[in-house]
Amino acid sequence: MKTVGIGMLGAGIVGGSLIRRLVEEHAAIEAKTGLDLELRRVAVRDLEKARSFEIDSALITADPAAVVDDPDVRLVVEVMGGLEPAGEMVLRALRAGKPVVTANKALLAERGPELFAAAEEAGVPLLFEAAVGGGIPIIRPLSETLAGEQIERVIGIVNGTTNFILSRMAEDGATYADALAEAQSLGYAEADPAADVGGGDAAAKAAILASLAFGTWAGIENVFHEGIEKISKADMKWASELGYTIKLLAIAERLDGGVSVRVYPAMLPKAHPLATIRGATNAVFIEGPSIEELLFAGPGAGGEPTATAMLGDVIDAAREILAGAEVAPRIRFSPGELVAFESVDTKWYVRLEVDDQPGVLAQVAGAFGAHDVSIKSVLQEGRGEDATLMIVTHLAPEASQREARRAIEGIENVRSVASVVRVESPDV
Ligand SMILES: NC(=O)c1ccc[n+]([C@@H]2O[C@H](COP(=O)([O-])OP(=O)(O)OC[C@H]3O[C@@H](n4cnc5c(N)ncnc54)[C@H](OP(=O)(O)O)[C@@H]3O)[C@@H](O)[C@H]2O)c1
Numbered sequence: 001m002k003t004v005g006i007g008m009l010g011a012g013i014v015g016g017s018l019i020r021r022l023v024e025e026h027a028a029i030e031a032k033t034g035l036d037l038e039l040r041r042v043a044v045r046d047l048e049k050a051r052s053f054e055i056d057s058a059l060i061t062a063d064p065a066a067v068v069d070d071p072d073v074r075l076v077v078e079v080m081g082g083l084e085p086a087g088e089m090v091l092r093a094l095r096a097g098k099p100v101v102t103a104n105k106a107l108l109a110e111r112g113p114e115l116f117a118a119a120e121e122a123g124v125p126l127l128f129e130a131a132v133g134g135g136i137p138i139i140r141p142l143s144e145t146l147a148g149e150q151i152e153r154v155i156g157i158v159n160g161t162t163n164f165i166l167s168r169m170a171e172d173g174a175t176y177a178d179a180l181a182e183a184q185s186l187g188y189a190e191a192d193p194a195a196d197v198g199g200g201d202a203a204a205k206a207a208i209l210a211s212l213a214f215g216t217w218a219g220i221e222n223v224f225h226e227g228i229e230k231i232s233k234a235d236m237k238w239a240s241e242l243g244y245t246i247k248l249l250a251i252a253e254r255l256d257g258g259v260s261v262r263v264y265p266a267m268l269p270k271a272h273p274l275a276t277i278r279g280a281t282n283a284v285f286i287e288g289p290s291i292e293e294l295l296f297a298g299p300g301a302g303g304e305p306t307a308t309a310m311l312g313d314v315i316d317a318a319r320e321i322l323a324g325a326e327v328a329p330r331i332r333f334s335p336g337e338l339v340a341f342e343s344v345d346t347k348w349y350v351r352l353e354v355d356d357q358p359g360v361l362a363q364v365a366g367a368f369g370a371h372d373v374s375i376k377s378v379l380q381e382g383r384g385e386d387a388t389l390m391i392v393t394h395l396a397p398e399a400s401q402r403e404a405r406r407a408i409e410g411i412e413n414v415r416s417v418a419s420v421v422r423v424e425s426p427d428v
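Its first residue numbered 1, the sequence shown is counted upward by one per residue in our numbering.
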């Protein structure tokens with residue numbers, strides 16, 4: 001009998017779905033894979049809450065180490081989240097020669113090299129299909145199927161909460177505050193939505209995607225990130241009039257000097273495939289010389305889709321345990337250069353509140369020009385006190401754009417720089 005004992009660290013949204021699937025679909029999985037995946041131990045904090053699971057209560061413990069150390073547990077699933085004790089437990093399992101399946105992007109983005117080195121040393125897999133894009137198969141395609149492609153760029157919509165909020169603002173004219181409140185009431189956004197709306201969650205995922213696409217480890221500390229909190233209805237309206245929609249993008253790209261990884265809300269042409277990704281859906285768009293363009297899209301979160309991705313990893317790791325072979329790492333990271341965001345060429349949309357005095361536009365254009373930023377288009381709305389200028393620049397280093405902005409803020413008749421949104425479009 002091809003039995004593999006499984007230990008679970010955590011039984012919440014994802015872990016609960018996975019437990020149910022392991023129990024209820026046990027026979028179906030066995031029929032399809034020949035594997036007898038046996039749930040051996042489950043760690044939670046609140047033992048009372050865990051009684052609702054239809055499993056023998058003797059399997060449930062409040063001690064994660066008891067799961068990892070159980071001799072009948074041959075494979076550990078980490079779905080407790082957070083950095084500790086998750087990190088310590090993942091290392092403990094790997095060092096004991098037990099494969100680990102995790103959905104913990106925060107942990108991987110923070111301590112990836114150390115964890116992957118421990119897995120390699122032990123000759124066991126550390127699998128994380130669910131860590132980016134929930135139910136979308138993207139980790140395995142990037143690290144295995146596309147291992148031979150010289151990937152140029154990966155652009156992702158990897159946070160469902162922010163995509164839901166931006167979609168409501170773009171399609172229904174909702175304000176940021178109303179759309180956020182709706183996302184919270186529907187359970188898409190956490191009570192404290194800071195990691196989602198501030199771009200931190202997307203930055204952890206961007207670091208993972210970049211590392212897989214380019215084979216150079218991009219730690220979370222190297223990912224510039226900006227959130228969607230400042231996006232207003234006015235920006236959405238102007239984006240639409242200019243032919244764009246606004247999305248929170250995780251961008252990883254190979255540039256001349258190395259790899260750039262960054263996250264920010266950006267204007268994207270309405271014709272771009274990612275512009276059509278609505279609501280809480282996630283998507284990852286990959287560009288390479290041979291595959292040209294690939295789009296992966298689907299549910300980026302939720303217990304059931306995420307559990308499917310994790311079950312795939314569990315089946316994969318169980319097969320390797322039974323094959324008994326030492327596992328070669330699916331991807332190796334080598335040192336490489338990371339490009340500081342300030343030197344990456346970006347294109348800006350800038351909305352300025354100005355006094356409609358003769359010469360203001362010339363002064364603004366002069367400030368951009370003095371920092372070698374050329375202007376692609378200018379729109380003006382209103383007259384007198386309430387005039388608004390919408391400017392889209394051509395590509396220029398991010399540092400130059402920021403210096404131009406500082407200079408513009410010093411112009412007397414510019415009342416405020418109301419908004420800056422970067423523009424991602426192929427034209428320069
Ligand atoms: N939710 C999603 O849609 C989704 C999608 C993709 C990836 N992920 C990732 O999956 C992981 C789990 O997310 P989740 O939404 O399932 O979280 P969750 O609902 O908060 O569940 C966490 C589970 O871990 C247990 N736990 C936490 N700390 C523990 C400790 N020190 N000792 C023992 N048990 C502990 C909790 O037990 P108690 O309930 O008893 O406190 C709970 O069962 C995270 O890394 C997350 O980023 C989630």
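Cβ coordinates follow ideal geometry from the N, Cα and C atoms, glycine included.
Buried versus exposed, by CB contacts within 10 Å (16 or more), E398:
Reading the sequence shown from its first residue, position 398 is the one you call residue 398. The residue in question, E398, is buried, as its Cβ has 16 or more Cβ neighbours within 10 Å.
Run the proximity test for K49: is its beta-carbon closer than 7 Å to any non-hydrogen atom belonging to ligand 1?
The residue given as residue 49 occupies position 49 in the sequence shown. The answer is yes for K49.
Between the Cα of V221 and the Cα atoms of T388, V339, E424 and D345, which residue gives the shortest distance?
Residue numbering aside, residue 221 sits at position 221 when the sequence shown is read from its first letter. This sequence places Glu at residue 221; Val is not what is there. The candidate whose alpha carbon is nearest that of E221 is V339.
Residues in the same chain with beta-carbon distance under 8 Å from G215, minus the five sequence neighbours each way, listed in chain order, please.
Residue 215 sits at position 215 when you count from the first residue of the sequence shown. Hits under 8 Å: I331, R332, F333, S334 and G336.
Complete runs of the alpha helix (DSSP H) confined to the segment 159-204 [at least 4 residues]:
160-172, 176-185 and 194-197
In whole angstroms, what is the alpha-carbon distance linking P342 and K32?
The residue labelled residue 342 in the question sits at position 342 within the sequence shown. The residue labelled residue 32 in the question sits at position 32 within the sequence shown. Residue identity differs from the one stated: residue 342 is Glu in this sequence, not Pro. Each residue's Cα considered, the two are about 51 Å apart.
Can the beta-carbon of I155 be found closer than 8 Å to that of F285?
Along the sequence shown, one-based indexing puts residue 155 at 155. Along the sequence shown, one-based indexing puts residue 285 at 285. Yes, these two residues count as a Cβ contact at 8 Å.
On a Cα-Cα basis, can you pick out the residue from A204, G198, T162 and G200 that is closest to G187?
Position 187 of the sequence shown, counting from 1, holds the residue named residue 187. The shortest C-alpha separation from G187 is found at T162.
What's the gap between the Cα of F224 and the Cα of R406?
Position 224 of the sequence shown, counted from the first residue, corresponds to residue 224. Position 406 of the sequence shown, counted from the first residue, corresponds to residue 406. Going by the C-alpha atoms only, they are around 20 Å apart.
If you scan the segment 358-423 from start to end, which runs of the alpha helix (DSSP H) of 4 or more residues do you find wholly inside it?
360-370 and 398-409
Does the beta-carbon of A62 have 16 or more other beta-carbons within 10 angstroms, so that it is buried, or is it exposed?
Counting from 1 along the sequence shown, the entry for residue 62 is found at position 62. With fewer than 16 Cβ atoms within 10 Å of its Cβ, A62 is classed as exposed.
Count the other CB atoms within 10 Å of the CB of Q401; is the residue buried (16 or more) or exposed (fewer)?
Position 401 of the sequence shown, counted from the first residue, corresponds to residue 401. Buried is the call here.
Where do the N-terminal and C-terminal ends of the alpha helix (DSSP H) with G10 fall, by residue?
Walking along the sequence shown from the start, residue 10 turns up at place 10. From DSSP, G10 is part of no alpha helix (DSSP H); its letter is neither H nor E.
If you run the structure through DSSP and keep just helix, strand and coil, what is P71?
Walking along the sequence shown from the start, residue 71 turns up at place 71. Residue state, collapsed to three classes: coil.
Express the C-alpha separation of L180 and E190 in angstroms, rounding to a whole number.
The residue given as residue 190 occupies position 190 in the sequence shown. The residue given as residue 180 occupies position 180 in the sequence shown. Roughly 10 Å between the two C-alpha positions.
Chain B within 8 Å of A239, Cβ atoms only:
In summary, chain B is missing from the structure at hand, where a single protein chain is found.
May I have the straight-line CA-CA distance separating I29 from R21, to the nearest angstrom?
The sequence position of residue 29 within the sequence shown is 29, counting from 1. The sequence position of residue 21 within the sequence shown is 21, counting from 1. Rounded to the nearest angstrom, the two C-alpha atoms are 9 Å apart.
So, is A58 buried or exposed, given that buried needs 16 or more other C-beta atoms within 10 angstroms?
Residue 58 sits at position 58 when you count from the first residue of the sequence shown. Under this definition A58 is an exposed residue.
Taking the alpha carbon of D235 as the reference point, which residue from D36, S17, A418 and D256 has its own alpha carbon closest?
As a working mapping, residue 235 is identified with position 235 in the sequence shown. Checked all of D36, S17, A418 and D256; the closest Cα to D235 is A418.
Measure the CB-CB distance between L108 and I251 and report whether it falls below 8 Å.
Indexing the sequence shown from 1 puts residue 108 at position 108. Indexing the sequence shown from 1 puts residue 251 at position 251. No, they are not a contact pair.
Give the list of continuous beta strand (DSSP E) stretches no shorter than 3 residues that lie fully inside the segment 218-295.
244-255, 258-269 and 281-288
Starting from T102, follow the beta strand (DSSP E) in both directions and report where the run begins and ends.
Stepping through the sequence shown from its first residue, residue 102 is reached at position 102. Taken as a continuous stretch (DSSP letters only), the beta strand (DSSP E) holding T102 covers V100 to T102.
Paired residues, beta bridge with A297 - DSSP
Mapped onto the sequence shown, residue 297 falls at position 297. Answer is A283, bridged to A297.
Simplified DSSP state of R332, which is helix, strand or coil
For the purposes of this step, residue 332 is taken as the residue at position 332 of the sequence shown. In this structure, R332 counts as coil in the three-state DSSP scheme.
Neighbourhood of A177 by C-beta, 7 Å cutoff - its chain only, sequence neighbours within 5 removed:
Residue numbering aside, residue 177 sits at position 177 when the sequence shown is read from its first letter. Closer than 7 Å at the Cβ level, and outside the excluded window around A177, lies no residue.
Can the beta-carbon of I291 be found closer than 8 Å to that of A283?
Your numbering for residue 291 matches position 291 in the sequence shown. Your numbering for residue 283 matches position 283 in the sequence shown. No, the Cβ-Cβ distance between I291 and A283 is not below 8 Å.
For the segment 76-151, list the beta strand (DSSP E) runs that are entirely contained and at least 3 residues long, ordered along the chain.
100-102
Using a 10 Å radius around the Cβ and a threshold of 16 neighbouring Cβ atoms, would you call D313 buried or exposed?
Taking the sequence shown and counting its residues from 1, one reaches residue 313 at position 313. Looking at its Cβ environment, which holds 16 or more other Cβ atoms inside 10 Å, D313 is buried.
Local Cβ density within 10 Å of G243, reported as buried at 16 or more and exposed below that:
Taking the first residue of the sequence shown as 1, we reach residue 243 at position 243. With fewer than 16 other Cβ atoms within 10 Å, it is exposed.
With respect to the alpha helix (DSSP H) encompassing R319, which residues constitute its N-terminal and C-terminal limits?
Residue 319 sits at position 319 when you count from the first residue of the sequence shown. Its alpha helix (DSSP H) spans residues G303 to A323.
Can you tell me where the alpha helix (DSSP H) with A28 in it begins and where it stops?
On the sequence shown, residue 28 is found 28 positions in, with the first residue counted as 1. From DSSP, the alpha helix (DSSP H) with A28 extends over H26 to T33.
Kindly indicate which three-state DSSP category E38 falls into: helix, strand or coil?
Translated into positions along the sequence shown, residue 38 becomes position 38. Note: E38 maps to strand in three-state DSSP.
I'd like the list of long-range same chain contacts for P99, defined as Cβ closer than 6 Å, with 5 residues on each side in sequence excluded.
Numbered from its first residue, the sequence shown carries residue 99 at position 99. Excluding positions up to five away in sequence, the list reads L75, V124, P125 and A317.
Between which two residues does the alpha helix (DSSP H) carrying E342 extend?
Position 342 of the sequence shown, counted from the first residue, corresponds to residue 342. Note, E342: premise wrong, no alpha helix (DSSP H); not H, not E.
Please confirm whether E226 and G199 have their CB atoms less than 8 Å apart.
Against the sequence shown, residue 226 aligns to sequence position 226. Against the sequence shown, residue 199 aligns to sequence position 199. Cβ distance < 8 Å, so E226 and G199 count as in contact.
Ligand 1 heavy atoms versus the CB of A179: any closer than 7 Å?
Along the sequence shown, one-based indexing puts residue 179 at 179. Not so, every heavy atom of ligand 1 lies at least 7 Å from the Cβ.
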